[in-house]
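K.L.:
In this note's numbering, the protein residues as written are 107 to 397.
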Amino acid sequence: MTLKLKPLHPLFAAEAGGVDLRKPLDEQVVREIDAAMDRHAVLVFRGQPLEQAEQVALARYFGPLDAGLRKATGAPTRFNYDELIDIGNVALDGSVAERENTKLIGVLANQLWHADSTFQDVPVKYSMLSAVVVTEEGGETQWADLRAAWDALPEKTKRHVEGRTGRHSAFHSRIGLGDDKYTDEQLKRFAPVERPLVHVHPGSGRKVLYPSVHIDRVSGLTVPEGRLLVAELLEHATQPEFVYTHTWRAGDYVMWDNRSTLHRGRRYDLTARRDLRRTTTLERDAVRAVA
Ligand SMILES: [Fe+2]
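#1: Just verifying my parser: in three-state terms, what is the DSSP assignment at residue 385?
#2: For residue 236, which option in 160, 120, 261 and 365 has the closest C-alpha, if you only look at C-alpha atoms?
#3: Give me the DSSP bridge partner(s) of residue 250.
#4: On the criterion of 16 or more Cβ atoms from any shown chain inside 10 Å, does residue 253 qualify as buried, or is it exposed?
#5: In this structure, how does DSSP classify residue 113 when only helix, strand and coil are distinguished?
#6: With ligand 1 as the reference, list in chain order each residue whose Cβ lies under 6 Å from any of its heavy atoms.
#7: Taking the alpha-carbon of residue 251 as reference, which of 128, 363 and 205 has the nearest alpha-carbon?
#8: What's the gap between the Cα of residue 234 and the Cα of residue 143?
#9: Can you tell me the Cα-Cα spacing of residue 148 and residue 350, whole angstroms?
#10: State the DSSP-derived secondary structure class of residue 397, mapped to helix, strand or coil.
#11: Within this structure, are the beta carbons of residue 150 and residue 381 separated by less than 8 Å?
#12: Along the chain, where does the beta strand (DSSP E) containing residue 309 start, and where does it finish?
#13: Kindly list the residues whose CB is nearer than 7 Å to the CB of residue 326, restricted to its own chain and excluding five residues on each side of it in sequence; keep chain order.
#14: Helix, strand or coil: which one does DSSP assign to residue 341?
#15: Alpha carbons only, please: which of 157, 180 and 307 is nearest the one belonging to residue 129?
#16: Is the beta carbon of residue 303 closer than 8 Å to that of residue 451?
#17: For residue 162, I'd like the list of residues in its chain whose CB is within less than 8 Å of its CB, leaving aside the five on either flank, ordered along the chain.
#18: Grab the span of the beta strand (DSSP E) containing residue 321 for me, first residue to last.
#19: Using DSSP bridges, identify the partner residues of residue 271.
#20: Just list the residues that DSSP pairs residue 230 with in beta bridges.
#21: Going by C-alpha distance, which of 356, 367, 278 and 344 is nearest residue 312?
#22: Measuring straight from C-alpha to C-alpha, what distance separates residue 379 and residue 352?
#23: Could you round the C-beta distance between residue 298 and residue 275 to whole angstroms and report it? I think they count as a contact, below 8 Å.
#24: Which of the three DSSP states, helix, strand or coil, is assigned to residue 124?
#25: Assuming residue 207 and residue 371 form a contact by the criterion Cβ under 8 Å, report the distance between their Cβ atoms to the nearest whole angstrom.
#26: Mind checking if residue 229 is an interface residue toward chain D, Cβ cutoff 8 Å exclusive?
#27: State the Cα-Cα distance for the pair residue 357 and residue 123, rounded to the nearest angstrom.
#28: Assign residue 165 to buried or exposed, taking buried as 16 or more other Cβ atoms, counted over all protein chains shown, within 10 Å of its Cβ.
#29: What residue from 121, 369 and 112 has the CA that sits closest to residue 246's CA?
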């Protein structure tokens with residue numbers, strides 16, 4: 107066993123060491139990381155500063171890469187690779203983005219509980235964030251363990267939720283934040299997707315409660331009933347006992363499984379420079395719905 111793991115929370119999340127992520131990974135280490143992800147869902151690697159090319163090469167070990175919402179918006183990037191997703195507040199010219207820069211809407215939307223890209227046809231698997239510049243205060247990322255959330259759900263609520271689907275829309279939470287200037291063309295390119303509110307996590311075989319701010323409707327319920335149910339489930343799933351909070355240091359590299367966790371960023375001073383870069387892999391085996 108090359109990978110060294112140290113739990114960071116009673117339920118999930120571990121610090122991982124014993125491997126240099128800038129060097130090519132052998133198959134055995136990739137398998138160990140996959141196994142650790144199935145168990146812990148969030149892995150924190152400290153002291154792994156990555157160049158753009160290193161970050162893209164590293165992510166590719168874990169599946170084909172996704173380019174995120176840029177596919178729909180066509181927004182320009184400051185990176186050399188389309189597969190690097192910008193999670194900071196740095197403008198294209200390298201300065202800290204002005205308050206009114208529309209790029210910040212996406213950054214702010216990340217502060218709502220979600221799993222990445224659940225609104226697209228091909229579901230995603232892991233996301234990986236590399237911290238290049240972090241703020242002195244705020245900007246923590248939190249993850250919630252959705253397997254533990256399912257286990258702890260009252261039986262009556264389990265029965266109410268199981269078998270239902272949520273409609274995930276790329277624009278629902280952004281429109282809710284006042285960002286409503288999308289063209290029909292953009293809206294069409296990311297038509298909403300139905301996903302089960304409960305699924306089985308393939309790697310651990312455990313059931314997962316799967317609410318998100320991206321859900322705008324729930325099957326079999328009226329729009330307000332569905333939105334209230336999602337709010338109730340989010341409140342349940344993100345109770346402190348299910349949540350791990352990560353305080354960033356430059357050089358941190360954090361991987362998480364979007365099929366078994368939710369996450370959100372915390373508020374920070376938008377005039378302070380923050381440069382975090384994400385890669386996300388696509389799911390090869392579709393998530394199995396619970397009948
Ligand atoms: Fe995210």
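The beta-carbon is built from N, C-alpha and C at its ideal position, and this holds for glycine as well.
P.N.:
Considering the structure as presented:
#1: Looking at residue 385 - three-state DSSP - the assignment turns out to be strand.
#2: Put simply, of 160, 120, 261 and 365 the residue whose alpha carbon is nearest the alpha carbon of residue 236 is 160.
#3: Paired residues: 349 and 368.
#4: With 16 or more other Cβ atoms within 10 Å, it is buried.
#5: Strand at residue 113.
#6: Neighbourhood of ligand 1, defined by CB distance below 6 Å to any of its heavy atoms: 216, 220, 222 and 369, in chain order.
#7: Residue 363 is the option with its Cα nearest to residue 251.
#8: Rounded to the nearest angstrom, the gap between the Cα atoms of residue 234 and residue 143 is 12 Å.
#9: Residue 148 and residue 350: Cα-Cα distance of roughly 9 Å.
#10: Here residue 397 scores only 31 on pLDDT, less than 50, and its place in the model should not be relied on; the value that follows carries that caveat. Secondary structure at residue 397: coil, using DSSP grouped into helix, strand and coil.
#11: Taking C-beta atoms as the reference points, residue 150 and residue 381 fail to come closer than 8 Å.
#12: Looking at the DSSP string, residue 309 is not in any beta strand (DSSP E), and its letter there is neither H nor E.
#13: Excluding sequence neighbours, residue 326 sits near 270.
#14: Residue 341: helix per DSSP, three-state reduction.
#15: For the residues 157, 180 and 307, the minimum Cα distance to residue 129 belongs to 157.
#16: Nothing can be reported for residue 451, as the shown portion of the chain is limited to 107 through 397.
#17: Excluding sequence neighbours, residue 162 sits near 171, 187, 189, 190 and 385.
#18: First-last of the beta strand (DSSP E) with residue 321: 321–324.
#19: Bridge partners of residue 271: 302.
#20: Under DSSP, residue 230 forms a beta bridge with 388.
#21: For the options 356, 367, 278 and 344, the alpha carbon positioned closest to that of residue 312 is the one of 367.
#22: So the alpha carbons of these two residues sit roughly 18 Å apart.
#23: Rounded, the Cβ-Cβ distance is 4 Å, consistent with contact.
#24: Assigned with DSSP and collapsed to three states, residue 124 falls in coil, not helix or strand.
#25: The C-beta distance from residue 207 to residue 371 rounds to 17 Å, too long to meet the 8 Å contact threshold.
#26: Among the protein chains of the structure shown there is no chain D, as only one such chain exists.
#27: Those two C-alpha atoms are separated by around 13 Å.
#28: Counting Cβ neighbours within 10 Å, residue 165 comes out buried, since at least 16 surround it.
#29: Nearest C-alpha to residue 246: 369.
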